[in-house]
Structure formats: C-alpha cells, structure tokens
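Participant:
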Amino acid sequence: MVNVPELFGSAVFNEKVMKQRLPKDVFKAVQKTIEDGTPLDSSVATVVANAMKDWAIEKGATHYTHWFQPMTGITAEKHDSFISPVSNSEVIMEFKGKELIKGEPDASSFPSGGLRATFEARGYTTWDPTSFAFVKDGTLYIPTVFCSYTGEVLDKKTPLLRSMQVLDTQAKRILKLFGKTTTHVASQVGAEQEYFLVDKDLYNKRKDLIFTGRTILGSKPPKGQELEDHYFGNIKTRVSDYMRDLDEALWKLGIVAKTKHNEVAPAQHELAPLFNTSNVSTDQNQLIMEEMKRVAEKHNLVCLLHEKPFAGVNGSGKHNNWSFSAAGIGNLLDPGESPQDNSQFLLFLCAVIKAVDEHADLLRVSVASAGNDHRLGANEAPPAIVSIFLGEELTRVLECIENGVSFEKASKEQLELGVDLLPKFPKDTTDRNRTSPFAFTGNKFEFRMPGSSMSIACINYILNTIVADSLCQFADRLEGAKDFNKELAKLLKETISAHKRIIFNGNNYSDEWVAEAEKRGLYNLKSTVDALPTYISDENIALFEKYKILSGSEIRSRYEIIVETYSKIINIEALTMLDMAKRDILPAALKYSTYLAESVQTKAAIGGIDYETEKELAASISSLAGCLYKKIEKLDKVLIGAKDKEDILENARYYANEVFEAMQNVRAVADELETMVSAEYWPIPTYSDLLFSV
Ligand code: ADP
Ligand code: MG
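Numbering that gives the first Met the number 0 numbers the first residue of the sequence shown as 0 and each following residue consecutively.
(1) Measuring only the C-alpha atoms, how far is N261 from L595?
(2) Name the residue from V385, T593, S368 whose alpha carbon lies nearest to the alpha carbon of K699.
(3) Using only the alpha-carbon positions, how far apart do W681 and D207 sit?
(4) Between F347, M453, K135, Q192, which has its C-alpha nearest A10's C-alpha?
(5) For H65 and T129, I'd like the C-alpha separation in whole angstroms.
(6) Could you have a look at W66 and say whether DSSP puts it in helix, strand or coil?
(7) Excluding sequence positions up to five away, which residues of its chain have a Cβ less than 7 Å from the Cβ of K547?
(8) Alpha carbons only, please: which of L176, K518, V85, D688 is nearest the one belonging to N484?
(9) Less than 8 Å separating the Cβ of L273 from some heavy atom of the ligand ADP?
(10) Compare the C-alpha of A44 against each of E398, V25, V1, W250 and name the closest.
(11) State yes or no: is the C-beta of A456 nearer than 8 Å to some heavy atom of the ligand ADP?
(12) Touch check for the segment 495-508 and the segment 385-399: three-plus C-beta pairs under 8 Å?
(13) Once you ignore the five residues that flank V3 on each side, which residues in its own chain have a CB closer than 8 Å to its CB?
(14) So, under 8 Å CB-CB, A350 and L470 are touching, yes? Tell me the CB distance rounded to an integer number of Å.
(15) Please classify L226 as buried or exposed, where buried requires at least 16 other C-beta atoms within 10 Å of its C-beta.
(16) Given this structure, state the Cα-to-Cα distance separating F437 from M662, to the nearest angstrom.
(17) Within 8 Å, do at least three Cβ pairs link the segment 185-194 to the segment 319-335?
(18) When burial is assigned at 16 or more other CB atoms within 10 Å of the CB, is Q600 buried or exposed?
(19) If you follow the beta strand (DSSP E) that S86 is in, where does it begin and where does it stop?
(20) Anyone know if the C-beta pair for F195 and L303 falls short of 9 Å?
(21) My assumption, with CB atoms under 8 Å, is that S700 sits in contact with S111. Please give the rounded CB distance.
(22) Cβ of N284 within 8 Å of any heavy atom in the ligand ADP?
(23) In this structure, what does DSSP give as the bridge partners for A123?
(24) If we ignore side chains and look at the alpha-carbon of each, how far apart do L114 and E553 end up?
(25) Return the chain-ordered list of same chain residues with a C-beta closer than 6 Å to the C-beta of K408, the five sequence neighbours on each side being excluded.
(26) With a floor of 4 residues, list each alpha helix (DSSP H) that falls wholly inside the segment 519-577, ordered by position along the chain.
(27) Report the rounded CA-to-CA distance for S365 versus C457, giving the unit in angstroms.
(28) Going straight from the alpha carbon of L39 to that of G311, what length do you get?
(29) Return helix, strand or coil for Y344, following the three-state DSSP convention.
(30) For the segment 262-338, which segments carrying the alpha helix (DSSP H) assignment without a break, of at least 4 residues, lie completely within its bounds, in sequence order?
(31) In its own chain, which residues sit with a C-beta less than 6 Å from the C-beta of V528, not counting the 5 before and 5 after it?
(32) Out of D154, T138, V1, A60, which one is the CA nearest neighbour of T71?
(33) Any idea if D646 is buried or exposed, counting beta-carbon neighbours within 10 angstroms, 16 or more meaning buried?
(34) With DSSP as the reference, identify every bridge partner of Q224, one or two as the case may be.
(35) With a cut-off of 8 Å on the beta carbons, I'd call R374 and A530 a contact; round off their distance for me.
(36) Applying the criterion that 16 or more other CB atoms from any shown protein chain within 10 Å of the CB defines a buried residue, is L139 buried or exposed?
Here it is in structure tokens:
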C-alpha cells in the first residue's frame, strides 16, 4: 500500500521543501516573487540553486533541464549534467544561480513562424519561479519561459503569465470600487482530460495510429457506444491498474489527480485534477499528458490523446474550468451571500459575458486544430458556435436587471441599486446543459471546446485577456462616476442588453440553434481554416498589443505556425492513407479475390459443387478494389496539387477541402472492403479489435 500523503509532492521542490531548506530571508524573497512577481536577486538565486541541486541529488538526479513550452504545443527539454571537473581526475556536482535563472538552448529547430531566421539560432529560457521545479527520471526539471535573442516570445507560457498579470491589475481596479483591496487576483483552471487506451501490440500494427494518432481507415464496429454501458461503467482490471500507476506518478509530481472514470466511448476514460492557478495548471496538464503516455507503455498500452481517434465514436476533449480569485476575498465568480457581493458578482459575470460575445472569434481560434475539426459541430462535442449557458435562473435575473424589475416579485417596481434584491443562486441548478460550449457551473465557467491534445496555455491567455479588457472598460467608466451605484446599475443593464445574444440555454446540437445563432449575428466558424484569419484581424492584434500580451508580429508568427501545422497534419494523414491503401488494403483485397477466384476454378474442375457465392464475392471485391485504385490515384493527384499553392492560408484551405474530400473517398471504399474481406486476409486490426481489446 502506498502512503499517499507521504508520496504526494515527494518529487517536487515545493513550498514545504523550500521552507525546510532555504534560509528564512531567501524563502521569503522566493515567496514574494511567486506571489507578487517581484524579480529575484541574483544572490538569492545562487542560494536557491544550491539548495535545489542538493535536494535533487538526494532524489537521484544527475542532470537538470530548463523545461519550456515552445509553439509545438508540447514541452521541450535539454538535459545538462551537474558535473563540473575540478581536476583531470575529479568532478563535483555544481549548479549555479545563473544556470537556474537563464538557459540558452539552440532555438533554431523550434517553430517561430518567421520571427527568427535559423542563423539567429540563439534563444533564452528564463526560470518561472511561480511553477515548482521537480525531479523526473533522474533530472531536475525547471519550468521556464522561452524567448529569442532579440526578445520575441517563442513560447506559450510567456503570454499566459502576462495575461494573468493583466487580469490581476484590472480585477483589482474593480474590487477597489467595491472598497476591497487584495494582494493579487489569480485566474484558476481545472482541466479535465479525456483519453483512449489501446493495446500496444495492436497499435503497432496500425501505421495511421503511429504516424497520425488517429485511425484514418476503419469501418464501424458492430457495437459502439449505443448501449451507453461504458460511461461511468466498471473499470476493467488492466485499466484500473494503469489508472492506479498514473495517479501515483501524478501525486508524486504534486498533481492532485482526483477524479477518474470511464467515458462515453468504449476504451475512453477521463482524469480530472484539482484546479490550480492557470500557469501551474498549464504545466500540470502537460505533465498529465506526458505521464498518461509514459505509464501506458508500462502496461503494454498506448494512450491516444488525439481529438478523434475513431470515426463514428465520441472524440476526446479537455474541459477547461476557469475562474478567478482574489487573495483574502475568494472566488470572484461566486455569487456570494449579500446584495453587495451580488452586485460585485454580477459585474464580474457581465464582464465575462461581454468578453465572450465580443471575442467569440478568438475563443474559436484558441481551439482550432485539424484534430478538433472532427469534433466541433459533429454532434457530440459542443458546436463550433460559441455561446454561453447560464441556466434559467441566472438568465432570468439578468432579464430582470435589463428590464429594471425586481427578481423576486418580478414586478415593475424600479430598483434603486439595480441589483440589491437578488436571490441566492443554488449552485446545482446550473450544471445541466452538457451541450453548451461555455457553461456557467455555479462558481466557474467550463469551456468545453478545447481538444484533448492541446496545450491549454493559449486558451487561457485569451480568456484572461478578453475578460481583463471588459474589466478595464468597466473600471474606466465606474472610476469616473459621480454616483457609483447608479452608474453600476446602468452599466449592468446596458451590458446585458448589448450582449445577451451570446446567452443560450437550449440544445446546442440542434439545427434550430444554428439558424437562431445566425439570426443573432453570432459567429459560426465551422472549421480551422474558417476561424484562423480572425486571429490576425486588426481588432484582435490591437487587443493583444494594448495589454502587451503579444506584439503584432508575434501574433502573425503564431498564426503562420498554426496554419502551416494544419496543412502539414493533413499532408501526413494523406500520405499515411496512401501508404496503407496501396500497400496493405488493396493487396489484401486482391489476394482475397484471387483466393475466391481460385476456389471457383477448383470447384468447377471437380464439378457438382456450387461456387456461385465465391464467384459473386470475387466479382464484388474485384470491382471495389478497382474503385479503390481509382480513388487512390485521385488522392495522389490532388495531393500533388497542394504543391503549387504559395499562400499559406490558400494552401490550408486546399487541404481542408480538396485533399480531405479525396481522403474521405478512399476511406469509404476501403471501409466497405473491410466488411467483405475475410478477417484472415485483413492486414490491420479493426475498430472492434482496438476498442474492445483492453
Ligand atoms: P464535470 O462535472 O464537468 O465532470 P469534474 O468534477 O470532473 O466536473 O471537474 C471539475 C473541474 O473543475 C475540476 O478540475 C475542479 O478542480 C475544477 N474546479 C472546481 N472549482 C473550480 C474553480 N473555482 N475554478 C476553476 N476550476 C475549478
Ligand atoms: Mg466537464
């Protein structure tokens, strides 16, 4: 039996360890940096580095790495040993303050979207003390941010940290208006992570899983999720063994892995950690994804994090539960008890509503990827239309404010404060709508559009920034008001009127909603290629520049990376499909039809044996094989056409439309063949094998 409290955080250089191992003044300085972002003195860094190294060596570390999150969406690390020679026969273990603070990885092979030419290969990583260092596999991991020699941001964490600061500043301005002060306001995230588990031996037989993370061929199994027997179902021994190991690995890293259960699709599962500040949650989510994969290997399993590993079966997402909280005050999205708290809550709530309505395009962009295109709007995940679910009661409260009537009496009686007659909102009435992309769930918003394999950094810096922007506009107006309460009531009323179109409590999967959303003038950016251009619109660039989250050229570079990555992914998928179709599927079909034809011949030669079945089957399979061959030729041709598109967006569109369609056509025939060719002759594991193997 593991002693969980003892195991928890045992691989982390956390507050408890720092308190034990650092001199009091150094510990205080580090804490101040963590909480208020004050820069660390180099003498302090030296002491911290030394204590960190001694602790890490005790935990078996021989190396250290600056761990960072480049634009690939995953993490990067380069390991250096602590070894330092003191003579030609002796070494000591050394780790200097400056090595802790700053690293210099070669930046040339990370995507920069044209920000940095390869000859300017220098990049810097800088210690982010707000996320704890930890030991994993004999290496001390130091969370860092990553920028180029000339200071351009090359990673996903820098804008996130900046956005947290911006939200802190603006939220404090609002709190001040309510007569409250706090040392800091932090955005908080709890990211639920969905994943699939498949048997490794079967996985190894599927080139599509190996190269693309999803099956690009495969017909539906006889049984899918229709019996709804997997969701919250009994967890099988092999999976529960895996989950136990995973929990332990995560606890060791100080991640409060709390909930685990089977998901809707067969072989699909979910893990939810306890929420933390956005930047820590972002790091932890990366670690969760890495550990999910690593621990799977030990159980001869493979963890699939792709958004849509299996067509026709539920895909995987990542629910980003988000709120912001003030030290000493608490969660600012919590409705609270008194009228005063209520009005403050309503102001923060309205800030989110305004932000989501004004910047729905950015939220859509933040979740756009080739993988997520299979999910959004495909009748399972939320649709591509961004809207907010508030629940009936809260919606009615807002309606009353808009109409200037009291909620409880719903009469025409004019409200003085506008908000002082609000009821308490029972929390459990709000979390009923599973189809909403952005749902208020009592004291936080749950953004359900993110894909399972994505970094949550971008999602959260966009959320933080757009809400900070609303708060800034509110504060500008209220700070100058003669009568705060009156102005507040007016502001709430106007905000609700202007942005209520984004609120929708109905079924987000219905066709009526698509039509209704269009009437309301909401965005319906169906796919990645539709969504991406909005990223670099003048307003969006101005927004990021205003709050110094990213510069115009940094955003444009990010845009380029996403567009190009999109095309590259579809290209890899198409090439993989061609390889499988030409070298595995078509030969199998031909071989089986030859076998049938030979049977016909043998039976005919003997005489008196019926061979009509074989004959008919051989004919159908031969004809389908011929059709497959034509579709393959067409895909080959279409793919070559992608080469002449100079403009990157035009190229991506070509992949999204032409190439994707040609792929679908190959798939349709190949999947049909799968249902007809003998299992003995079929060269790759089927959906039934993959989904029901574990
Ligand atoms: P669901 O009902 O959607 O399955 P879960 O209980 O699995 O929800 O996950 C909810 C997630 O929300 C957890 O990660 C939890 O820690 C997180 N969470 C709870 N309160 C907050 C909050 N105030 N801010 C951000 N995240 C929160
Ligand atoms: Mg959820």
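We put the CB at the ideal spot given by N, CA and C, even for glycine.
Facilitator: In this structure, then:
(1) On the sequence shown, position 262 is the one that residue 261 refers to. On the sequence shown, position 596 is the one that residue 595 refers to. Distance between the alpha carbons of N261 and L595: 43 Å.
(2) What the structure shows of the chain is the stretch from 0 to 693, and residue 699 is not part of that stretch, so it cannot be assessed.
(3) Working through the sequence shown from its first residue, we reach residue 681 at position 682. Working through the sequence shown from its first residue, we reach residue 207 at position 208. So the alpha carbons of these two residues sit roughly 15 Å apart.
(4) By one-based count along the sequence shown, residue 10 stands at place 11. Closest option to A10, judged by alpha-carbon separation, among F347, M453, K135, Q192: K135.
(5) For the purposes of this step, residue 65 is taken as the residue at position 66 of the sequence shown. For the purposes of this step, residue 129 is taken as the residue at position 130 of the sequence shown. So the two alpha carbons sit approximately 14 Å from each other.
(6) As a first step, residue 66 is located in the sequence shown; it is residue number 67 there, counting from the start. Residue state, collapsed to three classes: strand.
(7) Here residue 547 is taken as the residue at index 548 of the sequence shown, counted from 1. Taken in chain order, the residues that qualify are R161.
(8) By one-based count along the sequence shown, residue 484 stands at place 485. When each option's Cα is compared against that of N484, the closest is L176.
(9) As a position in the sequence shown, residue 273 is number 274, starting the count at 1. L273 has its CB nearer than 8 Å to a heavy atom of the ligand ADP.
(10) Taking the sequence shown and counting its residues from 1, one reaches residue 44 at position 45. The candidate whose alpha carbon is nearest that of A44 is V25.
(11) For the purposes of this step, residue 456 is taken as residue 457 along the sequence shown, with counting starting at 1. Not under cutoff, so the answer is no.
(12) Under the Cβ criterion (8 Å, minimum of three pairs), the segment 495-508 counts as touching the segment 385-399.
(13) On the sequence shown, position 4 is the one that residue 3 refers to. These residues qualify, in order along the chain: W250.
(14) Residue 350 sits at position 351 when you count from the first residue of the sequence shown. Residue 470 sits at position 471 when you count from the first residue of the sequence shown. A350 to L470, Cβ: 5 Å. Contact.
(15) In the sequence shown, counting from the first residue as 1, residue 226 sits at position 227. So L226 ends up on the exposed side.
(16) For the purposes of this step, residue 437 is identified with residue 438 of the sequence shown, where counting begins at 1. For the purposes of this step, residue 662 is identified with residue 663 of the sequence shown, where counting begins at 1. When rounded, the distance between both Cα atoms is 32 Å.
(17) Look at the beta carbons and you see the segment 319-335 touching the segment 185-194: at least three pairs across the two are nearer than 8 Å.
(18) Residue 600 sits at position 601 when you count from the first residue of the sequence shown. The residue is exposed, with fewer than 16 neighbouring Cβ atoms inside 10 Å.
(19) Taking the first residue of the sequence shown as position 1, residue 86 is located at position 87. Counting along the chain, the beta strand (DSSP E) containing S86 begins and ends at 82-86.
(20) As a position in the sequence shown, residue 195 is number 196, starting the count at 1. As a position in the sequence shown, residue 303 is number 304, starting the count at 1. Closer than 9 Å, so yes.
(21) Residue numbering for the chain in the displayed model covers 0 to 693; residue 700 lies beyond these limits and cannot be assessed.
(22) Counting from one through the sequence shown, the residue named residue 284 turns up at place 285. Not under cutoff, so the answer is no.
(23) The residue you call residue 123 lines up with position 124 of the sequence shown. In the sequence as displayed, the identity of residue 123 is Tyr instead of Ala. DSSP lists C146 as partners of Y123.
(24) Looking up residue 114 in the sequence shown gives position 115. Looking up residue 553 in the sequence shown gives position 554. If you take the alpha carbons of L114 and E553, they lie about 7 Å apart.
(25) Residue mapping note: residue 408 aligns to position 409 of the sequence shown, counting from 1. Here K408 scores only 43 on pLDDT, less than 50, and its place in the model is too uncertain to base an answer on.
(26) Counting only runs of 4 or more, we get 527-530, 537-545.
(27) Along the sequence shown, one-based indexing puts residue 365 at 366. Along the sequence shown, one-based indexing puts residue 457 at 458. Rounded to whole angstroms, S365 and C457 show a C-alpha spacing of 6 Å.
(28) Residue 39 sits at position 40 when you count from the first residue of the sequence shown. Residue 311 sits at position 312 when you count from the first residue of the sequence shown. Cα-Cα distance, rounded: 53 Å.
(29) Position 345 of the sequence shown, counted from the start, is the residue given in the question as residue 344. According to the sequence provided, residue 344 is Phe. The question's Tyr does not apply to it. Here F344 sits in helix by DSSP.
(30) Annotation note: the segment 262-338 contains the following uninterrupted alpha helix (DSSP H) runs of length 4 or greater, listed N- to C-terminal: 277-297.
(31) Residue 528 sits at position 529 when you count from the first residue of the sequence shown. Within the same chain, V528 has close Cβ partners A651, R652, A655.
(32) The count along the sequence shown starts at 1 and reaches residue 71 at position 72. Residue D154 is the option with its Cα nearest to T71.
(33) The residue you call residue 646 lines up with position 647 of the sequence shown. Counting Cβ neighbours within 10 Å, D646 comes out exposed, since fewer than 16 surround it.
(34) Taking the first residue of the sequence shown as 1, we reach residue 224 at position 225. Looking at the DSSP assignment, Q224 forms no beta bridge with any residue, so it has no partner.
(35) In the sequence shown, counting from the first residue as 1, residue 374 sits at position 375. In the sequence shown, counting from the first residue as 1, residue 530 sits at position 531. About 14 Å; that fails the 8 Å criterion.
(36) On the sequence shown, position 140 is the one that residue 139 refers to. Buried, since its Cβ has 16 or more Cβ neighbours within 10 Å.
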